[in-house]
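Novice: Plus 11 on top of the position in the sequence shown (first one is 1) and you've got this note's numbering.
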Amino acid sequence: MKLKLMQLVGMLSMLCAMSTMLAAAAIEGQLTQVQVSSRGNVATVTLRTTGAFTHTEYRPTENLLLVDMAGISATSMDDKTHAVHAPNLVSYRILGYKGGDGKNVARVEFAVVSGAKPSFDKARNQLRINIAGDASAVALASTSQSATTADTPVPTMAAASHSPRITEIRKVGVIRGKNGLEVEISANAPLSPNAIKLTAPDRVVVDLANAVPEGRNKTIAVNSGEVKSIRISRYQLYPPVTRVVIDLVSAQDFELAPSANRLKVRLHPAGAEVAAATTPPAQNLQADPKPAEIPAPAVTETSATAQAATVNAASEAKTSGAQTSAAANAATKAADFAVVNPEYHTIAANVDPATRANHAA
12 MKLKLMQLVG MLSMLCAMST MLAAAAIEGQ LTQVQVSSRG NVATVTLRTT
62 GAFTHTEYRP TENLLLVDMA GISATSMDDK THAVHAPNLV SYRILGYKGG
112 DGKNVARVEF AVVSGAKPSF DKARNQLRIN IAGDASAVAL ASTSQSATTA
162 DTPVPTMAAA SHSPRITEIR KVGVIRGKNG LEVEISANAP LSPNAIKLTA
212 PDRVVVDLAN AVPEGRNKTI AVNSGEVKSI RISRYQLYPP VTRVVIDLVS
262 AQDFELAPSA NRLKVRLHPA GAEVAAATTP PAQNLQADPK PAEIPAPAVT
312 ETSATAQAAT VNAASEAKTS GAQTSAAANA ATKAADFAVV NPEYHTIAAN
362 VDPATRANHA A
């Protein structure tokens, strides 16, 4: 009897605790919707909840705006990074945590452009955030527009202030290609990669400009072949850059192969392609071209010196090879020139060396 009574008391205590939790949950609000719109040069974000809350905003950096909503739970919202195509606003992400008093706090992280000016308008169960551009930039654009002629088209400030289209990284995985492992990155638009190979430890780093990861930072354990793991994270807030790090067992060369909305990073042993590229080319077996004809030197010295030089040249011509003989024979057919300042006089080729030297003197 006593045991049954204790069991009954325990059940009643459990029911009371559950009812307390349910009552607290009923009192605590939920973040149910995040709506983004734009008008002119202003982006408007509306946060809707199911209960009352107090909010606090922070600006830790020029490009990061944090909004905390105390007493609101974010369990019904996903924690992915959502790219936004609105002026002055790049993306947002929703997180949830427990405050110091034990209450839930919903946090919304906004990536904004430099010079963005947020303002807040709170109503019942909702918070409206207006994010305008830099006032000085707007004034400059307005002045520039008034100075132009009426027939010159001027882009509106709203169009100029729109952030470039942000690409979302949907999936990162490993596949086995024809020549080894390949890391495949899928997105909702073509990617702009910039990759580098690093050592100590060995890894390949791929930066994807103007792209955000779909979810939180994560690490994929691979442990297959030369790949140990893959790490995906938001490397830069604005302009957004997603970094994919491929941790390797040993040094590997890589090749980037973009295709539509996919990017493949193909890995292969370091130096494999270098060896093929450094194979010596086939030798050219064509005959060497005929040597250029060597003309006989012009005689510009006195008769005695010129005669000796001519005799020495004739002796060297006799002892030279077949190519030199052919060149010398060809040279005798051409006209020689003796320099007699300031004129040039043609000397016949059939005159003997002594006569030629006397003529030059």
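Using N, Cα and C, we set each Cβ at its ideal position, and we do this for glycine too.
Computed from a predicted structure; not experimentally measured.
Taking Cβ to Cβ, would you say Val276 is nearer than 8 Å to Leu259?
Specialist: Contact flag unset, no.
Novice: Are the beta-carbon atoms of Leu202 and Pro269 separated by less than 8 Å?
Specialist: Yes; because the gap between Cβ atoms is below 8 Å, this pair is in contact.
Novice: Between Val217 and Ala206, is the Cβ-Cβ spacing less than 8 Å?
Specialist: It is a contact, given that the beta carbons lie within the stated cut-off.
Novice: Can you check whether the CB of Ile196 is closer than 8 Å to the CB of Val119?
Specialist: Going by C-beta atoms, Val119 is not nearer than 8 Å to Ile196.
Novice: Which residues does DSSP list as the beta-bridge partners of Arg70?
Specialist: Per DSSP, none; premise fails for Arg70.
Novice: Less than 8 Å between the CB atoms is what I'm expecting for Thr57 and Gln46, so what's the real figure, rounded?
Specialist: That belief holds up - the Cβ atoms of Thr57 and Gln46 are roughly 4 Å apart, short of 8 Å.
Novice: What residues in its chain sit with their C-beta under 6 Å from that of Asp132, if we drop five residues either side in the sequence?
Specialist: Excluding sequence neighbours, Asp132 sits near Arg139.
Novice: With DSSP collapsed to three states, give me the class of Ser197.
Specialist: Ser197: strand per DSSP, three-state reduction.
Novice: Determine the DSSP secondary structure at Ala307, reduced to helix, strand or coil.
Specialist: With a pLDDT of 48 at Ala307, under the threshold of 50, the modelled position of that residue is not reliable, and the figure given next carries that caveat. Of the three classes helix, strand and coil, the one that applies to Ala307 here is coil, per DSSP.
Novice: What number of angstroms, rounded off, separates the C-alpha of Ile243 from the C-alpha of Thr230?
Specialist: Straight-line Cα distance between these residues: approximately 6 Å.
Novice: Exposed or buried, Ser49, counting other C-beta atoms within 10 Å across all chains shown (16 or more means buried)?
Specialist: The residue in question, Ser49, is buried, as its Cβ has 16 or more Cβ neighbours within 10 Å.
Novice: Drop a sphere of 10 angstroms on the beta-carbon of Leu278, count the other beta-carbons inside from all chains shown, and report buried for 16 or more, exposed for fewer.
Specialist: Label assigned to Leu278: buried.
Novice: Would you kindly work out how many angstroms separate the C-alpha atoms of Asp112 and Ser235, rounded to a whole number?
Specialist: Approximately 46 Å, taken between the alpha carbons.
Novice: Ends of the beta strand (DSSP E) at Thr43?
Specialist: Taken as a continuous stretch (DSSP letters only), the beta strand (DSSP E) holding Thr43 covers 40-50.
Novice: Taking all protein chains shown into account, do 16 or more other C-beta atoms lie within 10 angstroms of the C-beta of Gly144, making it buried, or fewer, making it exposed?
Specialist: Answer is buried; the Cβ neighbour count reaches 16.
Novice: Identify the residues that DSSP records as bridge partners of Leu278: which are they?
Specialist: The partner list for Leu278 (beta bridge, DSSP) reads Phe265.
Novice: Considering only the alpha carbon of each residue, which of Gly184, Ile257, Glu179, Tyr249 lies closest to Asp213?
Specialist: Cα-wise, what sits closest to Asp213 is Ile257.
Novice: If you draw a straight line from the C-alpha of Tyr108 to the C-alpha of Val116, how long is it?
Specialist: In a straight line, the C-alpha of Tyr108 is about 5 Å away from that of Val116.
Novice: Determine the burial state of Ala298: buried for a count of at least 16 other Cβ atoms within 10 Å of its Cβ, exposed for fewer.
Specialist: The predicted model places Ala298 with a pLDDT of 42, which falls under 50 and marks its position as unreliable; any figure quoted below should be read in that light. Counting Cβ neighbours within 10 Å, Ala298 comes out exposed, since fewer than 16 surround it.
Novice: From which residue to which residue does the beta strand (DSSP E) around Lys239 run?
Specialist: 238-247 is the span of the beta strand (DSSP E), which, as asked, contains Lys239.
Novice: Identify the residues that DSSP records as bridge partners of Lys109: which are they?
Specialist: Answer by DSSP bridge pairing, in chain order: Asn115.
Novice: Closer than 8 Å is the cut-off here; do at least three beta carbon pairs connect the segment 59-77 with the segment 19-26?
Specialist: These segments do not touch.
Novice: What distance in whole Å lies between the Cβ atoms of Ile180 and Ala222, which are believed to be in contact at a cut-off of 8 Å?
Specialist: At roughly 6 Å, the Cβ-Cβ gap stays under 8 Å, so Ala222 and Ile180 are in contact.
Novice: For Asn74, count neighbouring C-beta atoms within 10 Å of its own C-beta (all shown protein chains included) and say buried if the count is 16 or more, exposed if not.
Specialist: Result: buried.
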